[in-house]
Ligand code: NAD
């Protein structure tokens, strides 16, 4: 039976640590860190994520603000908002929640974000520094996964890690973090990878970020592998009040019996992404305040 990598529990521990730091800043007469979220449109999942991020801010004593736009907002208006947030000395970090409506270029928006306030770690400058010792703000989801592995004493050095999915926000930076500071041997798989199972079957650690429920099944995993499931897909479920259930990319029922450690969905990687956002905001705040 695998040990569950409990992202909820670890994220609470991290929140406690950050809260203590915020209290100490307050005692010394400093303002709290301030995180802003820009939310465009009415996407249910995006609203849920942003609400969870704002709630985590409150819990650690950060100031948090949400700026909302209809999905008819123009690219120029969002770029102007980004400029305002870049110039606002009272804002330490901000996120523009993805996805954005199709008429807005995500690339243009991300390119305009001040790297010092880029707490999602998406800007090209921050991305380019991922494997440097003096990196600044790391992409939140891969950063959360590395933190989760650390807190469970799971070594990546010398391990064979297979990352499935090569998105700019998860798979690609994850592979760099594992191969660079993590000293692992990394295989990066994606939609065009032939015979995916031939790669996953020899992996010590599998990180899967695809968005296809049940993609990784028990027969694709070796005994004792560590399984990190990033996938979060909403599937209709009439037994839930919300009408949907969140499903990971891993078929938990067949993979868990073979794994040594495994993240659940929900409650694994998701809370760690939020914890990373909080940690990144604290880092950005300390730099801004010259602590
Ligand atoms: P994406 O949707 O941008 O890209 C998906 C990737 O999967 C691509 O690289 C594609 O090549 C690959 N892929 C698609 N089908 C495949 C297949 N059959 N075999 C192998 N590879 C395949 O990726 P994303 O934005 O990283 O999102 C992936 C999943 O992770 C989604 O379910 C998303 O909701 C979830 N996610 C969760 C968190 C979190 O905090 N828990 C954060 C970000 C993303």
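Residue numbers (the working numbering): -18 to 272. Virtual Cβ for every residue (Gly too), placed ideally from N, Cα, C. Keep in mind that this is a model prediction, so the values were computed, not measured.
Sequence-distant partners of residue 90 (beyond 5 residues in either direction) whose C-beta falls short of 8 Å from its own C-beta, in its chain, are 56, 59, 60, 63, 77, 81. The beta carbon of residue 147 sits closer than 7 Å to those of 153, 169, 171, all from its chain and outside the five residues before and after it, given in chain order. Per DSSP, residue 108 is one residue of the alpha helix (DSSP H) stretching across 105 to 109. Cβ contact annotation for residue 186 (same chain, cutoff 6 Å, sequence separation greater than five): 140, 142, 207, in chain order. Residue burial annotation: residue 103 is buried, with at least 16 other C-beta atoms found within 10 angstroms of its C-beta.
Between the stretch 16 to 25 and the stretch 226 to 246 there are fewer than three inter-stretch CB-CB distances shorter than 8 Å, so the stretches are not counted as touching. Between the alpha carbons of residue 129 and residue 137 lies a gap of roughly 12 Å. The residue among 162, 117, 95 with its C-alpha nearest the C-alpha of residue 131 is 162. Here residue 209 has 126, 188, 244 as same chain residues with Cβ atoms under 6 Å from its own Cβ, once five neighbours each way along the sequence are excluded. Between the stretch 213 to 232 and the stretch 190 to 199, the count of Cβ pairs shorter than 8 Å is three or higher; the stretches touch.
Taken in chain order, the complete beta strand (DSSP E) segments of 3 residues or longer contained in the stretch 42 to 122 are 44 to 50, 74 to 77.
In the three-state scheme derived from DSSP, where H, G and I count as helix and E and B as strand, residue 250 is classed as helix. Exclusion of residue 142 from the 7 Å shell around the ligand NAD follows from its C-beta lying no nearer than that to any non-hydrogen atom of the ligand. Non-local beta-carbon contacts of residue 167 in its own chain, meaning distances under 6 Å to residues more than five positions away in sequence, involve 142, 156, 159, 160 in chain order. For residue 99, the number of other beta carbons within 10 angstroms of its own is at least 16, and it is reported as buried. Out of 265, 268, 259, 266, the CA that lies nearest to the CA of residue 33 is found in 259. Taking 8 Å as the cut-off, the beta carbon of residue -8 is found no closer than this to the beta carbon of residue 264. Residue 272 carries a coil assignment under DSSP once its states are collapsed to helix, strand and coil. Excluding residues up to 5 positions away in sequence, 3, 42, 43, 44 lie with their Cβ nearer than 6 Å to the Cβ of residue 13 in the same chain. Residue 148 has its Cβ nearer than 7 Å to a heavy atom of the ligand NAD.
The beta-carbon distance between residue 203 and residue 214, rounded to whole angstroms, is 25 Å. This is too long to meet the 8 Å contact definition. Of 40, 39, 28, the smallest CA-CA separation from residue 50 is found for 28. In this structure, the ligand NAD has no non-hydrogen atom nearer than 7 Å to the beta-carbon of residue 180. For residue 180, the enclosing alpha helix (DSSP H) covers residues 177 to 181.
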